[in-house]
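Single-structure report; data block below.
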Amino acid sequence: MSAMHEPTTQQIKDEKLYRQMGMTDEEFDRAVEMIGRLPNYTETGLFSAMWSEHCSYKSSKPILRRFPTEGERVLQGPGEGAGIVDIGDNQAAVFKMESHNSPSAIEPFIGAATGAGGIIRDVFSMGARPVALVNSMRFGDLSDARDRYLFEQAVAGIASYGNTIGIPTIAGEVQFDNCYSKRPLVNAMTVGLLNHEDIQKGLASGVGNTVIYAGAKTGRDGIHGATMSSTEVAVDKEAELPVMQAGDPFLEKLLMEACLELVKSDALIGIQDMGAAGLTSSAAEMASKAGFGVEMNLDLIPQREEGMTPYEMMLSESQERMLIVVKKGREQEIIDLFAKHNIEAVSVGVVTEDKMLRLKHKGETVAEILADTLAEDAPVYYKESKEPAYFSEFQAMENTEPVVTHLKETLTALLQRPTIASKEWVYNQFDTQARANTVVAPGSSAGVIRVRGTNKGLAMTADCNSRFIYLDPETGGKIAVAEATRNLICSGAEPIAATDCLNFGSPDKPEVFWQVEKSADGISEACRKLNAPIIGGNVSMSNEVNGVPVYPTPTMGMVGIVHDLSQVTTTAFKQAGDAIYVIGEAKTEFGGSELQQMVEGKIFGKVPAIDLDVEVARQKDLLKAIQSKLVQSATDLSEGGFAVALCEKAFDAQGLGAEVSIPGSSVTALFSETQSRFLVTVKDEHAEAFEKLVPDANRIGTVTATAEIVIKGEENTVLVEGTVEEFRSAWKGAIACLLNSEA
Amino acid sequence: MRFAILSFPGSSCDEDMVHAVLNIVGEGAEVVNHNQADLKSFDAVILPTGASFGDYLRPGALAQSSPAINSLKEFVKTGKPVLGVGNGFQILVEAGILPGAFLINKDLKFRSGNSTLNVENASTRFTAVYEEGQQITLPFAHHYGNYYVDKETAKQLKADGRIVFTYADDSHDGSVDGIAGVLNVQGNVLGMMPLPERAVEAIIGGTDGLPLFQSIIKNWSENNVSHA
Chain A
1 MSAMHEPTTQ
11 QIKDEKLYRQ
21 MGMTDEEFDR
31 AVEMIGRLPN
41 YTETGLFSAM
51 WSEHCSYKSS
61 KPILRRFPTE
71 GERVLQGPGE
81 GAGIVDIGDN
91 QAAVFKMESH
101 NSPSAIEPFI
111 GAATGAGGII
121 RDVFSMGARP
131 VALVNSMRFG
141 DLSDARDRYL
151 FEQAVAGIAS
161 YGNTIGIPTI
171 AGEVQFDNCY
181 SKRPLVNAMT
191 VGLLNHEDIQ
201 KGLASGVGNT
211 VIYAGAKTGR
221 DGIHGATMSS
231 TEVAVDKEAE
241 LPVMQAGDPF
251 LEKLLMEACL
261 ELVKSDALIG
271 IQDMGAAGLT
281 SSAAEMASKA
291 GFGVEMNLDL
301 IPQREEGMTP
311 YEMMLSESQE
321 RMLIVVKKGR
331 EQEIIDLFAK
341 HNIEAVSVGV
351 VTEDKMLRLK
361 HKGETVAEIL
371 ADTLAEDAPV
381 YYKESKEPAY
391 FSEFQAMENT
401 EPVVTHLKET
411 LTALLQRPTI
421 ASKEWVYNQF
431 DTQARANTVV
441 APGSSAGVIR
451 VRGTNKGLAM
461 TADCNSRFIY
471 LDPETGGKIA
481 VAEATRNLIC
491 SGAEPIAATD
501 CLNFGSPDKP
511 EVFWQVEKSA
521 DGISEACRKL
531 NAPIIGGNVS
541 MSNEVNGVPV
551 YPTPTMGMVG
561 IVHDLSQVTT
571 TAFKQAGDAI
581 YVIGEAKTEF
591 GGSELQQMVE
601 GKIFGKVPAI
611 DLDVEVARQK
621 DLLKAIQSKL
631 VQSATDLSEG
641 GFAVALCEKA
651 FDAQGLGAEV
661 SIPGSSVTAL
671 FSETQSRFLV
681 TVKDEHAEAF
691 EKLVPDANRI
701 GTVTATAEIV
711 IKGEENTVLV
721 EGTVEEFRSA
731 WKGAIACLLN
741 SEA
Chain D
1 MRFAILSFPG
11 SSCDEDMVHA
21 VLNIVGEGAE
31 VVNHNQADLK
41 SFDAVILPTG
51 ASFGDYLRPG
61 ALAQSSPAIN
71 SLKEFVKTGK
81 PVLGVGNGFQ
91 ILVEAGILPG
101 AFLINKDLKF
111 RSGNSTLNVE
121 NASTRFTAVY
131 EEGQQITLPF
141 AHHYGNYYVD
151 KETAKQLKAD
161 GRIVFTYADD
171 SHDGSVDGIA
181 GVLNVQGNVL
191 GMMPLPERAV
201 EAIIGGTDGL
211 PLFQSIIKNW
221 SENNVSHA
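Keeping their order, the protein sequence lines are chains A and D. Going by the UniProt record's numbering, the residue at position 622 of the first sequence is 622; the numbering climbs one at a time, nothing skipped. Going by the UniProt record's numbering, the residue at position 14 of the second sequence is 14; the numbering climbs one at a time, nothing skipped.
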């Protein structure tokens, strides 16, 4: 549409055209009142994008305020491209997780790839060198061809972007449940490193300073992506969807190197990625945060297509673009710097005093709105919250064991569940060792990279058991945080900070909003107790298909510091003769467990309880034991419970097995998902010292030199006996097998 | 000894190679940009892995038309050592410096991991510190790791001892005769898909890549001692 044919201000109001852009009548009236006149078509577009949930957090703001965001290591909390935590030696870790769910539901390869590309830009726009990628994904259970396609393509898309740009993917998780059928979740996290003096912010300050546009040209792709991602994807109405933005990892590699050189220049004032809502959000946010205005001449914007209107340019979400503010008079050296990296950079505007975002096009002013009005004054909604009927029903249920007739067959079947099965099929497609710093690659509790030039490491993980959160969001929220910290602890790392990706259904449904609130409460409490402040994150609402929301999935991304690389610990058994310990006792807790879903075909009842004081104490004890080098291998007990964890410890240990005896009811002992539990091996000569440090540990058996798993119950009855190989082959090939089936 | 690490736009693992040569092996290493490639003053050239020019068209296809390739060809003629790993191997093949071609992996997916290799020829200047028949473990990461030469060429390469490494496990991705690394006729250019620079430190990927660098240095010092 050319500017000439755009609707008039009166038409926008009378025909309620703003509704097509995702604005409500009340929001439009609010915008009119704030600017004291009717907005034109371009301005209406600016409002609709900046006031979308994706950009404004208008529904989630009251919730996000509950999160603990401060801590002694926190250098930058939420509000910038990514959060920053101190890791000592004048260095800092920079990280954030972001969702790309809606694009991935439509065009999974491109959607997942641009998700990775976007979060990488967020990190290098802070001045940090991206050093590792983590991802968290959810799909339907692979029985449906569309879900298999979404899974295969999303994995390939993430792989393509990360591998091409040369950043290793070192951790991640994938879970499968039919609540995600046709509505996958694709969350990507990037971790970067910088020296404190290189920290950059997205600020447009200093009247007269120059606004520079750098990177890819602007095209008509991704227009209104931010608005789209805040609404339900209508799978049968793909024709109405905007053209998806595609990513170019090669261009991003060039842009990244240019920006990392730029941050060393004293000409730089501020830098921000053009992410969701593209030019609009970067310009408005940089001006608003700095307390200045920005005036841009849109004729100067590099354009990929002819005849683009101001509306199209401002709302485009073309990838690999950055907005930069540099000192007046220093433009040419910055443009030359980008040119050296084969990146186009042009001066497109100036910083002004009047706090306006002002856009010129063909000699006319086409938009003029206070930057704060766009960036800060979106309405805040205190959504209605209502406890769903199911919750009290589930809470009233007694804890019972699922009926299991054959223990070994059940264990084998659990190992083949895609959520539990080996994710090799996924992570073998990622370059896990680029940059030559990967100490622990995917497949253990957490990924670990070395911080080159030091003896330190960074451990990272992403976790969320959404079944628990659906059944009981507050407890489930606590469990998500605790599980992430457990994975770091088991790798020998001290958790230092968290990021989150809050994936939910429509917040307009009171039952969904109740899930948001309750899980946020659980997450907040656990983050406080476990000393993991949330330094940034992302909200993705309206993850629904045909009006049915996905399970609430607030994914926790977490980073820990390994103080001495010799303390890095992995899952696998190390040596025959080592003592096997379990920390914590199994209780009959199966609500939301993998066994319950497998046996009953649904989840119900109470989720496993979690006592955060017990959790904190056990994590502290175990970390101390690991740091004292008393621990050979460690893993936490999660999906599938004890028996699955025991097998997993043998899968990567060449030729080793285990013989253990466990007390109590066999189904509970083998498969319960009781929280705050760990499985650890210890050299015999360290047993005494270990037991002293970890009072909750019970010695249950020994690592054996024969590759067999023998689990005995009370009175020495054999509960499960089999070769490691038979369990491994079930576990290892399950996902490939499901993908190749034509069912 | 001075190594040039020849870097093209997108050669993202150039720094890994500098780290291996400079910090671990302890020899001189400099990144040389593809458009200002004057290689004459160097003792060896390494083409690192990554995705030069985004792997667009075909891996290595765009890099081989860069101005640096002419100076590389001149450098090859001097008889000094040239090593291409991963994407660097693909570039050498696209430039016609090494025989063959690369196809997409046989299962069509990017694949990474560790592969077990046989050292087929331990009498080259790249492998003298290995034992013949030794099995080593090196990381790999590629989408187009399926090395192709016709049967006649494969036979000839084998007869001439130019197959330096073969895959000892099933990680060959379809490569003819499991070829993982080949030499040029003169024996001064080695291309290999596994990545030795990722295996020079015990804590990262093991140390099975070290003897490769040590072999290059050993050969160079022997020659330079004899000249002295």
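Note that CB positions come from ideal geometry on N, CA and C, so glycine has one too. Note that this is a predicted model, so its numbers are computed, not measured.
Pair within 9 Å by beta-carbon distance, residue i and residue j
i, j, result
"G202 (chain A)", "K289 (chain A)", "yes"
"I87 (chain A)", "I449 (chain A)", "no"
"P719 (chain A)", "I561 (chain A)", "What sits at residue 719 (chain A) in the sequence shown is Leu, not Pro. In this structure, I561 (chain A) does not lie closer than 9 Å to L719 (chain A) by Cβ."
"D141 (chain A)", "P402 (chain A)", "no"
"F727 (chain A)", "F651 (chain A)", "yes"
"L359 (chain A)", "T42 (chain A)", "yes"
"E615 (chain A)", "Q675 (chain A)", "yes"
"residue 747 (chain A)", "V94 (chain A)", "Lying before the first or after the last residue shown, residue 747 (chain A) is absent from chain A, which here runs from 1 to 743."
"T71 (chain D)", "L108 (chain D)", "Per the sequence shown, the amino acid found at residue 71 (chain D) is Ser instead of Thr. No, they are not a contact pair."
"I165 (chain A)", "A188 (chain A)", "no"
Sequence-distant residues of its chain with Cβ nearer than 7 Å to residue i (five each side left out)
i, result
"V703 (chain A)", "F573, Q575, A576, G577, D578, I580, L656, A658 and T681"
"A154 (chain D)", "V176 and D177"
"V694 (chain A)", "I583, D621, L622 and A625"
"residue 250 (chain D)", "Here chain D has residues from 1 to 228 only, and residue 250 (chain D) is not among them."
"I24 (chain D)", "V200 and E201"
"M397 (chain A)", "F604, G605 and K606"
Close Cβ partners of residue i (< 6 Å) along its chain, the five nearest in sequence each way excluded
i, result
"S444 (chain A)", "T570 and T571"
"A246 (chain A)", "I110"
"G205 (chain D)", "P139, R198 and A199"
"G145 (chain D)", "N105, D173 and M193"
"A204 (chain A)", "G270, M286, A287, A290, F292, V294, V325 and V351"
Bridge partner(s) assigned by DSSP for residue i
i, result
"D144 (chain A)", "Its beta-bridge partners do not exist; DSSP assigns none."
"Q91 (chain A)", "A:G88 and A:N195"
"M137 (chain A)", "A:V174 and A:V186"
"C501 (chain A)", "A:N538 and A:T555"
"A101 (chain D)", "D:Y148"
"I136 (chain D)", "D:L117"
"N33 (chain D)", "D:S7"
"D636 (chain A)", "A:F678"
"Q627 (chain A)", "In DSSP, Q627 (chain A) forms no bridge with anything."
"F165 (chain D)", "D:V119 and D:G181"
Where the alpha helix (DSSP H) through residue i begins and ends
i, result
"K158 (chain D)", "K151 to A159"
"S102 (chain A)", "N101 to I106"
"T475 (chain A)", "P473 to C490"
"Q332 (chain A)", "E331 to K340"
"K712 (chain A)", "K712 (chain A) -> not in any alpha helix (DSSP H); beta strand (DSSP E) instead, spanning E708 to K712."
"D372 (chain A)", "A371 to A375"
Extent of the continuous beta strand (DSSP E) run through residue i
i, result
"G191 (chain D)", "V189 to M192"
"L719 (chain A)", "V718 to T723"
"E295 (chain A)", "G293 to N297"
"M460 (chain A)", "G457 to D463"
"V74 (chain A)", "V74 to Q76"
"V129 (chain D)", "It is not in any beta strand (DSSP E) - V129 (chain D) carries neither H nor E in the DSSP assignment."
Proximity test, residue i beta-carbon vs the ligand ZN heavy atom, cut-off 8 Å
i, result
"Y551 (chain A)", "What this structure holds is no ligand at all, so the ligand ZN is not there to describe."
Neighbourhood of residue i by C-beta distance below 8 Å, restricted to the same chain and skipping five residues each side
i, result
"T365 (chain A)", "R358 and L359"
_Three CB pairs or more closer than 8 Å across the stretch 268-280 of chain A and the stretch 112-131 of chain A_ = yes
_Whether or not the stretch 489-507 of chain A and the stretch 546-556 of chain A are in contact is what I'm after, with contact meaning three or more pairs of Cβ atoms, one per stretch, closer than 8 Å; do they touch?_
yes
*For the stretch 284-299 of chain A and the stretch 345-353 of chain A, state whether three or more C-beta atom pairs, one from each stretch, are separated by less than 8 Å.*
yes
*Evaluate the contact criterion for the stretch 191-199 of chain A versus the stretch 34-47 of chain D: three or more CB pairs, one atom per stretch, below 8 Å.*
Contact between the stretch 191-199 of chain A and the stretch 34-47 of chain D is absent: fewer than 3 CB-CB pairs across the two stretches fall below 8 Å.
*Report yes or no: do three or more beta-carbon pairs, one from the stretch 79-87 of chain D and one from the stretch 157-168 of chain D, lie closer than 8 Å?*
no
*Are three or more beta carbon pairs between the stretch 418-438 of chain A and the stretch 527-539 of chain A nearer than 8 Å?*
Touching, no.
*Check whether the stretch 170-187 of chain A touches the stretch 135-151 of chain A, taking contact to mean three or more Cβ pairs, one atom from each stretch, closer than 8 Å.*
yes
_Is it the case that the stretch 257-270 of chain A contacts the stretch 299-313 of chain A, given that we only count it when at least three CB pairs across the two stretches are under 8 Å?_
The stretch 299-313 of chain A, when compared against the stretch 257-270 of chain A, does not touch it at the 8 Å Cβ threshold.
_Counting beta carbon pairs with one atom in the stretch 20-34 of chain A and one in the stretch 47-63 of chain A, are three or more of them shorter than 8 Å?_
yes
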